[in-house]
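The next block holds one structure in the form of structure tokens; read it before the comments.
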Amino acid sequence: MTHVHFDIFTLFPGMFAGPFDDSIIQRAQEASIISIGLHNIRDYAEGKHMITDDYPYGGGGGMVMKPEPIFRAVESVLSEAMPIILLTPQGRQFDQSVALELAGHARIALICGRYEGVDERVRRYLCTDEISIGDFVLSGGEIAAMVIVDAVTRLLPGALGAEHGADEDSHATGLLEYPHYTRPPDFRGQRVPDVLISGHHANVARWRRQQSLLRTALRRPDLLETAWLTDDDLAFLKRLEADPGIAQRLLQDL
Ligand code: SAH
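Numbered per numbering that gives the first Met the number 0, the sequence shown finishes at 253, counting up by one with no gaps.
Laid out in structure tokens, this is it:
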């Protein structure tokens with residue numbers, strides 16, 4: 000059975016309490032689909048004051064996380080070879096394909112920076128990978144680590160429960176997902192598209208695929224360049240391009 004163990008190195012292990020203790024991540028831990036080791040970097044600091052950060056050489060504002068406690072923490076926990084990932088806004092951008100790649104590892108280490116970041120030697124000599132969750136700057140790597148644990152976990156067999164798979168999610172197929180509706184059929188005069196109520200499975204499947212293609216074409220045309228498209232999909236996209244009225248009609252279906 001697939002199992003992924005995450006080792007998270009942080010100065011703030013308490014931050015993980017809420018997000019990891021509910022819903023899918025909590026159930027995945029109970030079902031032994033994942034396990035999570037939280038390691039407080041401060042426990043590996045030395046001296047009376049257990050200092051984990053210091054002033055930057057060369058001056059300037061802010062503090063830098065010292066290398067020794069991070070090396071000691073990682074080296075005392077890890078034995079086998081595994082990805083050792085530094086969370087940093089300078090890393091390669093996290094996306095669904097990186098999540099899939101990580102889901103193939105039995106063990107993953109995540110190092111959370113704080114302040115101005117970590118001493119450069121951590122990046123150069125300890126980490127094997129650097130990941131950013133987007134082009135913005137967070138106050139620490141903890142939330143980024145939670146994002147990665149969440150996205151990887153929902154890809155593991157059994158994590159979402161038997162009847163629901165992650166295989167139709169946005170980005171899983173390289174496309175954005177189609178719109179969802181649930182009861183009531185009429186909410187304040189806004190009706191659910193007839194085709195979804197029709198019970199005609201082939202029509203529902205075609206409608207969903209077309210909505211998925213339409214949404215992607217309108218919102219994220221860049222994704223169409225790498226998405227897995229069938230001949231039918233390509234024909235549909237060609238028709239969309241040739242006749243914008245089709246898009247209008249499909250949107251009114253909503
Ligand atoms: N001075 C650094 C940013 C420090 S932000 C720089 O300009 O590159 C503090 C910490 O938050 C970082 O060490 C990193 O671990 C985390 N962090 C901030 N933004 C992030 C992002 N987009 N993705 C992943 N981690 C991020």
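All residues carry an ideal CB built from backbone N, CA and C; glycine is no exception.
_Cα-Cα separation, Arg248 to Val146_ = 37 Å
*Is the Cβ-Cβ distance between Ala108 and Ile35 less than 9 Å?*
By the CB criterion at 9 Å, Ala108 and Ile35 fall outside the cutoff.
*Give me the Cβ distance between Val203 and Leu195, rounded to the nearest whole Å; I'm assuming they're in contact under 8 Å.*
Right, the Cβ-Cβ distance comes to about 6 Å (below 8 Å), so this counts as a contact.
_Comparing C-alpha positions only, which one of Asp53, Leu228 and Ile110 sits nearest to Gly140?_
Ile110
*Please classify Gly36: does DSSP put it in a helix, a strand, or coil?*
strand
*His104 to Ile84 span [Cα, whole Å]*: Each residue's alpha carbon lies about 12 Å from the other.
_Rounded separation between Tyr180 and Val191 - CA only_ = 7 Å
_Relative to the C-alpha of Asp118, which candidate in Lys237, Glu67, Gln25 and Ala144 has its C-alpha closest?_
The residue among Lys237, Glu67, Gln25 and Ala144 with its C-alpha nearest the C-alpha of Asp118 is Glu67.
*Leu137 Cβ short of 8 Å to ligand 1 heavy atom set*: yes
*Since His4 is in the beta strand (DSSP E), which residue starts that stretch and which ends it?*
Val3 to Thr9
*What are the start and end residues of the alpha helix (DSSP H) that includes Gly244?*
In the DSSP assignment, Gly244 falls within the alpha helix (DSSP H) that extends over Pro243 to Gln251.
*Within the same chain, show all residues whose beta-carbon is closer than 7 Å to that of Leu77, passing over the 5 residues directly before and after it, in chain order.*
Asp6 and Ala108
*Note down, in chain order, each residue of its chain lying with its Cβ closer than 7 Å to the Cβ of Pro184, except the 5 sequence neighbours on either side.*
Arg190, Val191 and Ile196
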